[in-house]
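A.B. asks: Okay, handing you the structure first.
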């Protein structure tokens, strides 16, 4: 049954995530409209109710008693909410948020999970559910509703019906014929068209034309729109719209008992003709045109079309693709070699052609798997939005969260690893960046602070910005702190640029508790944030303007699984540089070298480019000067210009060996501490190359104040 | 082999019911919504349908009403499952022709026993 348990965990997790999302939307709706429930809000509450209801059900089945208990209590509260017996106000929302927050912890259920005070939580929820009077029940009787319809409504659907009737909204029945083959898309299409005009209460299915390929639906809906508008929006060839008429007023009280006594009969009572009787169209059995579905609709389609996959399985597949890529390279090299032999030329050409085909398919396969691994950043943005709300409340601050680019896609693994660093940045921004409403008012700023979370794709990278309009950071104070903590020398302190000063907050040891108050600023574990980001092959940068705000920019690769690399040679050995960090490779011209402050630099298109001779760095310098070429000049060397975010550096290398897709394998435990290498890769032909960790190298080589100062002054 | 269709919007519940019934040798298919059930129902001569009451769009009650009106499934045994459905929903389900009602949470044994009872009752009634 362990697979079943996995399924439980996965579904529970999914439910909790969508609950958080929906609660945030509810929170927003409440802020905008107050406790009045419009149709969208009602649907949202119902969504949340359904989620909690399902969670309660499965928690019980799988022995998660405490999770079941809390979800039960929350379900009661939500039930009262959706039945209109409890008002949606901020205190109710607080309890809902707290409840959903606890779900996560109760689900994890590990010994080190923070203890959840279930008792206190339950009491908090019970405060709202105790009272509340039953809503009146008689509204439906004024309508000529088929008892067969009423008998299949669930309690909630009946409640929605009553609410609409009470508000004077008219009831309609839409009879449509759907093809069983395309029912999903037709249904979504109908929902889309109905949404702006009507609330769909339920769908009653009945057997279609009898051919087994179609199904007739009797859709019960409530709408304030005029009949003609509704008809125009909803009715096409296979549909018919009927208004459910009201009984004449004198009749209703007496009909009540009769109505209740009516047992559901098997013969369907025909609907009374609506006042402006539309001519019923004969249902035609014409096959319904198949619609192309937008991506939006696709996600709305039944869950049956999606598969949940363990990320480890995808990792394995990706590894296999990686190995196949190695096979491809090996075959490529063999065909190269065969080409050189005239008698085998024909064979070589054929092999080459086949290998090209193989290469294309492999690329498709690779893209396909990468695509499956991609998830929208929105997944963590939702969680972060929850944090924003929570932290803002803790600190009595008014914070508006603006999110853009939530649909930007990133490798699942990266997304998972991102959530902690981002959470940290956001906490800091609210805690120390955004001022209290009073202070903001004094500073002539809008009372509510804004926290922007932006994501977008930039080439093969994804950029995430966390920006606040708070107090900003004071470079002067940061330098002072760094000095006090002996992180930099007096001399260095005198020379740091503004930008470098800000970057000091990422130094280990910079942040301590007192640093927070000292700086009115950040620094809580920023070095950890930075380390986490670089582990993902990314970089983080900060910009800040005193009094205006602070912006952190995180630049990440889109995927970690397979990378395209530039193969280089240094001192007779092969190395690989991930192509994502390579800007260009140019000829190395020693005569253009200059030395500035003891460092070699060259000028590239008017800008100063610091250089690093990798052979010296790796101590791979040839013992003897290199042999001269035939024409008496030293052999050509190259400069590989690497850039990560705004930092640029040229690596001087002996040779370029082309590009290749590589799978990076870790160096193993014993070599874990070696800096500057991301891992090793098998190039086929039993050749192994070390893969340069460009962000780490740039960091190490450019991190010294002299060099960056120089770069900044260019 | 008993051919069972499980109609339930919770994937964990479907997995649970499937595992429980497969342990008794049943051949279990799943539908994750009422609409999917509508598509699957005519495909096979189902011998038992397990339906959840609370599902979006087409609820369990509507599905039973639909089945009972159809020629093919007018007499197919149906077990309704739900998390403490209100007494009203439960009664409606039985009125519409469900054979039995089972409240969540339930154990695998409770389900398999109920399935056996329902099928035996049907067999007894027919012969």
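Residue numbers (the working numbering), protein chains in the order written: chain A, 859 to 1572; chain B, 11 to 137.
Where is the CB? At the ideal position from N, CA and C, for every residue including glycine.
(1) In the DSSP assignment, the beta strand (DSSP E) including residue 1446 of chain A goes from what residue to what residue?
(2) Measuring only the C-alpha atoms, how far is residue 1255 of chain A from residue 1295 of chain A?
(3) Using DSSP with H/G/I as helix, E/B as strand and the rest coil, what is residue 1297 of chain A?
(4) Return the residue from the list A/930, A/1020 and A/1033 that minimises the CA-CA distance to residue 984 of chain A.
(5) Using the Cα positions of residue 1035 of chain A and residue 1264 of chain A, report the straight-line distance between them to the nearest angstrom.
(6) Give the secondary structure of residue 1409 of chain A by DSSP, where H, G and I count as helix, E and B as strand, and everything else as coil.
(7) Quick check: the Cα distance between residue 1321 of chain A and residue 974 of chain A, rounded to an integer number of angstroms?
(8) Would you identify the three-state DSSP class for residue 1314 of chain A, choosing helix, strand or coil?
(9) Is the distance from the Cβ of residue 1245 of chain A to the Cβ of residue 1272 of chain A below 8 angstroms?
(10) What are the start and end residues of the beta strand (DSSP E) that includes residue 1403 of chain A?
(11) Taking only runs that begin and end inside the segment 1224 to 1284 of chain A, name each unbroken beta strand (DSSP E) of 3 or more residues, in chain order.
(12) Compute the Euclidean distance between the alpha carbons of residue 1239 of chain A and residue 1203 of chain A, then round it to the nearest angstrom.
(13) Please report how far the alpha carbon of residue 1578 of chain A lies from the alpha carbon of residue 1241 of chain A, in whole angstroms.
(14) Residue 914 of chain A bridges to which residues according to DSSP?
(15) Nearest chain A C-beta to residue 55 of chain B closer than 8 angstroms, yes or no?
(16) Is the beta carbon of residue 103 of chain B closer than 8 angstroms to that of residue 111 of chain B?
(17) So, does the CB of residue 130 of chain B fall closer than 8 angstroms to a CB anywhere in chain A?
(18) Just how far apart, CA to CA, sit residue 1363 of chain A and residue 1018 of chain A?
(19) Go ahead and pull the three-state DSSP assignment for residue 1165 of chain A.
(20) Starting from residue 955 of chain A, follow its DSSP beta bridges and name the residues at the other end.
(21) Rounded to a whole number of angstroms, what is the C-alpha to C-alpha distance between residue 1232 of chain A and residue 70 of chain B?
(22) If you follow the alpha helix (DSSP H) that residue 45 of chain B is in, where does it begin and where does it stop?
(23) Going by DSSP, what residue range makes up the alpha helix (DSSP H) through residue 1361 of chain A?
(24) Closest to residue 1075 of chain A by C-alpha separation, out of A/1205, A/1448, A/1097 and A/1437, would be which residue?
(25) Kindly identify the DSSP beta-bridge partner or partners of residue 1458 of chain A.
(26) Spatial neighbours of residue 11 of chain B within its chain, please: CB distance less than 7 angstroms, with the 5 preceding and 5 following residues excluded, ordered by chain position.
(27) Mapping the DSSP letters down to three states, classify residue 922 of chain A as helix, strand or coil.
(28) Classify residue 1212 of chain A as buried or exposed, calling it buried when 16 or more other Cβ atoms lie within 10 Å of its own Cβ.
(29) Provide the residue span of the alpha helix (DSSP H) that contains residue 1093 of chain A, from first to last.
(30) Could you check where the beta strand (DSSP E) with residue 76 of chain B kicks off and where it finishes?
(31) Which chain A residues are close to residue 71 of chain B, counting only those with a beta carbon under 8 angstroms from its beta carbon?
(32) Specify whether the segment 1299 to 1307 of chain A and the segment 1319 to 1338 of chain A touch according to this definition: at least 3 beta carbon pairs, one from each stretch, less than 8 angstroms apart.
(33) Assign residue 1101 of chain A to one of three DSSP states: helix, strand, or coil.
(34) Using the three-state DSSP reduction, which class does residue 1044 of chain A fall into: helix, strand or coil?
(35) Among A/1313, A/1081, A/1102 and A/1051, whose alpha-carbon lies nearest the alpha-carbon of residue 1094 of chain A?
(36) Considering Cα atoms alone, identify which of B/22, B/101, B/60 and B/47 is closest to residue 1038 of chain A.
C.D. replies: With the given structure in hand:
(1) Looking at the DSSP string, residue 1446 of chain A is not in any beta strand (DSSP E), and its letter there is neither H nor E.
(2) Between residue 1255 of chain A and residue 1295 of chain A, the C-alpha separation is close to 6 angstroms.
(3) Per DSSP, reduced to three states, the secondary structure at residue 1297 of chain A is helical.
(4) The residue with the shortest Cα to Cα distance from residue 984 of chain A is A/930.
(5) Cα to Cα, residue 1035 of chain A sits roughly 37 angstroms from residue 1264 of chain A.
(6) Under the three-state reduction of DSSP output, residue 1409 of chain A falls in the strand class.
(7) Rounded to whole angstroms, the separation of the alpha carbons of residue 974 of chain A and residue 1321 of chain A is 36 angstroms.
(8) DSSP places residue 1314 of chain A in strand when its eight states are reduced to three.
(9) No, the Cβ-Cβ distance between residue 1245 of chain A and residue 1272 of chain A is not below 8 angstroms.
(10) Here the beta strand (DSSP E) through residue 1403 of chain A covers 1397 to 1403.
(11) Complete beta strand (DSSP E) runs here, min 3: 1232 to 1234, 1257 to 1262 and 1267 to 1269.
(12) In this structure, the straight-line span from the alpha carbon of residue 1239 of chain A to that of residue 1203 of chain A is close to 57 angstroms.
(13) This structure leaves residue 1578 of chain A out entirely; chain A is present only between 859 and 1572.
(14) According to DSSP, which records beta bridges pairwise, residue 914 of chain A is partnered with nothing at all.
(15) Contact of residue 55 of chain B with chain A is not assigned, every C-beta pair being separated by 8 angstroms or more.
(16) The Cβ-Cβ distance between residue 111 of chain B and residue 103 of chain B falls below 8 angstroms.
(17) With its beta carbon at least 8 angstroms from every one in chain A, residue 130 of chain B lies outside the interface.
(18) Near 55 angstroms, if we compare the C-alpha coordinates of residue 1018 of chain A and residue 1363 of chain A.
(19) If DSSP states are grouped into helix, strand and coil, residue 1165 of chain A belongs with coil.
(20) DSSP lists no bridge partner for residue 955 of chain A.
(21) If you take the alpha carbons of residue 1232 of chain A and residue 70 of chain B, they lie about 35 angstroms apart.
(22) Taken as a continuous stretch (DSSP letters only), the alpha helix (DSSP H) holding residue 45 of chain B covers 44 to 50.
(23) Its alpha helix (DSSP H) spans residues 1356 to 1361.
(24) With respect to the C-alpha of residue 1075 of chain A, the residue from A/1205, A/1448, A/1097 and A/1437 having the closest C-alpha is A/1097.
(25) According to DSSP, which records beta bridges pairwise, residue 1458 of chain A is partnered with A/1453.
(26) 35, 36 and 37, listed in sequence order.
(27) Coil.
(28) Burial check for residue 1212 of chain A: the Cβ neighbour count within 10 Å stays below 16, so the residue is exposed.
(29) From DSSP, residue 1093 of chain A is part of no alpha helix (DSSP H); its letter is neither H nor E.
(30) Unbroken run through residue 76 of chain B is the alpha helix (DSSP H), 70 to 79; no beta strand (DSSP E).
(31) Chain A residues near residue 71 of chain B: 1009, 1010, 1011 and 1012.
(32) Contact between the segment 1299 to 1307 of chain A and the segment 1319 to 1338 of chain A is present, because at least three Cβ pairs lie under 8 angstroms.
(33) If DSSP states are grouped into helix, strand and coil, residue 1101 of chain A belongs with the strands.
(34) Helix at residue 1044 of chain A.
(35) Between residue 1094 of chain A and the set A/1313, A/1081, A/1102 and A/1051, the nearest pair of CA atoms involves A/1051.
(36) Nearest option by C-alpha distance: B/47.
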